[in-house]
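Trainee: By the UniProt record's numbering, the letter at position 87 of the sequence shown is numbered 87, and the numbering carries on one by one without gaps.
Cβ coordinates follow ideal geometry from the N, Cα and C atoms, glycine included.
Predicted, not measured: the structure shown is a model, and the values here were computed from it.
Once you've had a glance at the structure underneath, I'll fire off some questions.
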Amino acid sequence: MESEFIALDKCGEEVEWLRHFLEDIPRWSKPVPSICIHCDSQSDSSKFVFRNCVHLELPLAVRSAKFIACKQWVVTGADDKFIRVFDYNTTEKIAEFEAHTDFIRSVAVHPTLPYVLSASDDMLIKLWDWEKGWECTQTFQGHAHYVMQVAFSPKDANTFASASLDGTIKIWNLSSPAPDFTLDGHSKGVNCIDYFMRGSKPYLISGSDDHTAKVWDYEAKSCVQTLEGHTNNVSAVCVHPELPLIITGSEDGNVHIWDGATYRLENTLNYGFERVWALGCMKGSNRVVIGYDKGTIMVKVLRSQSGGFMGIQVEEDEKKEC
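So this is what it looks like as structure tokens:
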């Protein structure tokens with residue numbers, strides 16, 4: 001199955017949007033043998049015109065892909081245990097190496113240093129340095145089940161979080177192979193995490209097989225809110241970078257949009273594309289992109305006349321069915 005992603009031609013905010021949309025698809029059961037990047041050569045962020053298409057051919061299912069914008073690379077982690085790196089302009093393969101002994105679920109790119117994290121079903125997280133020929137410079141151990149996702153902290157890039165099917169979220173420092181501490185509150189495995197900021201204070205949101213999402217004050221090491229309403233595993237979570245919205249996606253096929261301040265459920269979206277696996281949004285835009293088993297859709301979140309988001313409206317913008 002081909003996974004298609006909308007892209008723009010210039011670096012900057014568009015690359016940030018792409019990076020968010022290429023969120024981890026940690027439990028996609030269908031093979032994804034290639035990534036297709038569509039580019040708009042006009043580079044108008046208000047329009048998405050599909051013109052050029054670049055295919056990166058890969059042998060087995062790709063569960064995670066991230067842009068390394070400073071190098072104009074895409075890094076992927078796949079079921080064959082390999083990390084591959086491509087120049088997304090020329091499709092040249094920059095690097096290819098066996099990184100783990102089991103499926104790779106997630107990759108994350110450090111915002112400033114030449115580092116990539118990878119997480120795997122072998123229960124390990126590894127740190128790779130591309131300036132040292134993709135040498136593994138640290139191995140992190142502590143989870144007791146598959147590691148589904150890793151994410152760097154926006155406040156301290158030497159810190160990252162991991163989600164695991166052992167039911168925990170762990171917080172790590174790049175300098176130590178052992179976790180700093182563990183957030184334990186879900187009753188089943190944790191599939192996805194996302195950092196977000198409120199003022200200068202960082203928070204985490206997590207999604208779980210217990211059908212809930214949880215908001216964490218991870219500095220206080222406590223859960224501040226549980227979001228309930230999905231009827232199947234929560235497979236994707238996203239906090240909009242500008243709008244006061246929390247977005248959760250589930251294997252029940254629903255996307256829930258929550259008020260980020262009151263945690264009230266404001267809207268539920270279902271487009272009949274089966275399970276939700278990926279969510280993405282861009283700073284400076286009211287668009288949200290949703291990836292499903294059977295396609296992708298872009299929607300616009302519209303403000304109410306009062307300027308708030310009470311009773312928010314959502315309208316379909318672009319749709320692509322697989």
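Counting Cβ pairs closer than 8 Å, one from the stretch 138-153 and one from the stretch 105-121, do we hit at least three?
Mentor: yes
Trainee: Could you round the C-beta distance between residue 207 and residue 248 to whole angstroms and report it? I think they count as a contact, below 8 Å.
Mentor: For the purposes of this step, residue 207 is identified with residue 207 of the sequence shown, where counting begins at 1. For the purposes of this step, residue 248 is identified with residue 248 of the sequence shown, where counting begins at 1. Rounded to whole angstroms, the Cβ separation of residue 207 and residue 248 is 6 Å, and the two are in contact under 8 Å.
Trainee: What is the rounded straight-line gap between the Cα of residue 302 and the Cα of residue 267?
Mentor: Here residue 302 is taken as the residue at index 302 of the sequence shown, counted from 1. Here residue 267 is taken as the residue at index 267 of the sequence shown, counted from 1. C-alpha separation (whole angstroms): 12 Å.
Trainee: Using 8 Å as the threshold, is the stretch 272-282 in touch with the stretch 218-228, meaning 3 or more CB pairs across them?
Mentor: No contact exists between the stretch 272-282 and the stretch 218-228.
Trainee: Can you give me the C-alpha to C-alpha distance between residue 294 and residue 274, rounded to a whole angstrom?
Mentor: Counting from one through the sequence shown, the residue named residue 294 turns up at place 294. Counting from one through the sequence shown, the residue named residue 274 turns up at place 274. Each residue's Cα considered, the two are about 7 Å apart.
Trainee: Within 10 angstroms of its Cβ, does residue 176 collect 16 or more other Cβ (buried), or is it exposed?
Mentor: By one-based count along the sequence shown, residue 176 stands at place 176. Classification for residue 176: exposed.
Trainee: Taking the alpha carbon of residue 252 as the reference point, which residue from 243, 244 and 272 has its own alpha carbon closest?
Mentor: One-based indexing of the sequence shown puts residue 252 at position 252. Nearest option by C-alpha distance: 272.
Trainee: Where does residue 130 sit, in a helix, a strand or coil, going by DSSP?
Mentor: Mapped onto the sequence shown, residue 130 falls at position 130. In the three-state reduction of the DSSP assignment, residue 130 falls in the helix class, which pools H, G and I.
Trainee: Assuming the contact rule is C-beta atoms closer than 8 Å, residue 299 and residue 265 should be a hit. Round their C-beta distance to whole Å, please.
Mentor: Translated into the one-based positions of the sequence shown, residue 299 becomes position 299. Translated into the one-based positions of the sequence shown, residue 265 becomes position 265. That belief does not hold up - the Cβ atoms of residue 299 and residue 265 are roughly 16 Å apart, past 8 Å.
Trainee: Count the other C-beta atoms from every protein chain shown that fall within 10 angstroms of the C-beta of residue 49, then say buried if there are 16 or more, exposed otherwise.
Mentor: In the sequence shown, residue 49 corresponds to position 49, counting from 1. Bear in mind that the predicted position of residue 49 carries a pLDDT of just 33, short of 50, making it unreliable; the figure below should be weighed with that in mind. It counts as exposed.
Trainee: Going by other Cβ atoms of all chains shown within 10 Å of its Cβ, with 16 needed for buried, is residue 201 buried or exposed?
Mentor: Here residue 201 refers to the residue found at position 201 when the sequence shown is read from its first residue. That one is exposed.
Trainee: Is residue 145 helix, strand or coil by DSSP?
Mentor: To locate residue 145, count along the sequence shown from 1; it is residue 145. Note: residue 145 maps to coil in three-state DSSP.
Trainee: Thinking C-alpha only, which one of 243, 87, 215 and 143 is nearest residue 178?
Mentor: Here residue 178 is taken as the residue at index 178 of the sequence shown, counted from 1. The shortest C-alpha separation from residue 178 is found at 143.
Trainee: What is the DSSP secondary structure of residue 294, reduced to helix, strand or coil?
Mentor: For the purposes of this step, residue 294 is identified with residue 294 of the sequence shown, where counting begins at 1. In the structure shown, residue 294 sits in coil (DSSP, three-state: anything other than H, G, I, E or B).
Trainee: What is the rounded straight-line gap between the Cα of residue 100 and the Cα of residue 124?
Mentor: On the sequence shown, position 100 is the one that residue 100 refers to. On the sequence shown, position 124 is the one that residue 124 refers to. Those two C-alpha atoms are separated by around 8 Å.
Trainee: With DSSP run on the structure shown, which of helix, strand or coil describes residue 139?
Mentor: Taking the first residue of the sequence shown as position 1, residue 139 is located at position 139. Three-state DSSP puts residue 139 in a strand.
Trainee: Pull up the distance between the alpha-carbon of residue 164 and that of residue 132, whole angstroms please.
Mentor: Taking the first residue of the sequence shown as 1, we reach residue 164 at position 164. Taking the first residue of the sequence shown as 1, we reach residue 132 at position 132. C-alpha separation (whole angstroms): 29 Å.
Trainee: Take residue 130 and list the residues in its own chain whose beta-carbon comes closer than 6 Å to its own, dropping the five residues that flank it on each side.
Mentor: Residue mapping note: residue 130 aligns to position 130 of the sequence shown, counting from 1. So the qualifying residues of the chain are 114.
Trainee: So what's residue 71 in DSSP terms, helix, strand or just coil?
Mentor: As a working mapping, residue 71 is identified with position 71 in the sequence shown. Looking at residue 71 - three-state DSSP - the assignment turns out to be coil, as it is neither helix nor strand.
Trainee: Which same chain residues end up closer than 8 Å to residue 157 when comparing Cβ atoms and leaving out the 5 residues on each side of it in sequence?
Mentor: As a working mapping, residue 157 is identified with position 157 in the sequence shown. Closer than 8 Å at the Cβ level, and outside the excluded window around residue 157, lie 110, 111, 112 and 113.
Trainee: For residue 237, count the other beta carbons within 10 Å of its own beta carbon; 16 or more makes it buried, fewer makes it exposed. Which is it?
Mentor: Taking the first residue of the sequence shown as 1, we reach residue 237 at position 237. Buried, because 16 or more other Cβ atoms sit within 10 Å of the Cβ of residue 237.
Trainee: Out of 231, 246, 68 and 297, state which residue places its alpha-carbon closest to the alpha-carbon of residue 196.
Mentor: In the sequence shown, the residue the question calls residue 196 occupies position 196. Nearest to residue 196 by alpha-carbon distance, out of 231, 246, 68 and 297, is 246.
Trainee: Among the candidates 172, 233, 65 and 203, whose CA atom is the shortest distance from the CA of residue 186?
Mentor: Along the sequence shown, one-based indexing puts residue 186 at 186. Comparing Cα-Cα distances from residue 186 to each of 172, 233, 65 and 203, the minimum goes to 233.
Trainee: Can you tell me the Cα-Cα spacing of residue 69 and residue 215, whole angstroms?
Mentor: Within the sequence shown, residue 69 is the residue found at index 69, counting from 1. Within the sequence shown, residue 215 is the residue found at index 215, counting from 1. Cα to Cα, residue 69 sits roughly 29 Å from residue 215.
Trainee: In this structure, does DSSP put residue 173 in helix, strand or coil?
Mentor: Stepping through the sequence shown from its first residue, residue 173 is reached at position 173. Three-state result, residue 173: strand.
Trainee: For a test of the three-state rule: what should DSSP assign to residue 252, helix, strand or coil?
Mentor: Here residue 252 is taken as the residue at index 252 of the sequence shown, counted from 1. Residue 252 carries a coil assignment under DSSP once its states are collapsed to helix, strand and coil.
Trainee: Count the other CB atoms, across all protein chains shown, that sit within 10 Å of the CB of residue 167; report buried if there are 16 or more and exposed otherwise.
Mentor: Looking up residue 167 in the sequence shown gives position 167. So residue 167 counts as buried.
Trainee: Per DSSP, residue 271 forms a beta bridge with which residues?
Mentor: Walking along the sequence shown from the start, residue 271 turns up at place 271. Per DSSP, none; premise fails for residue 271.
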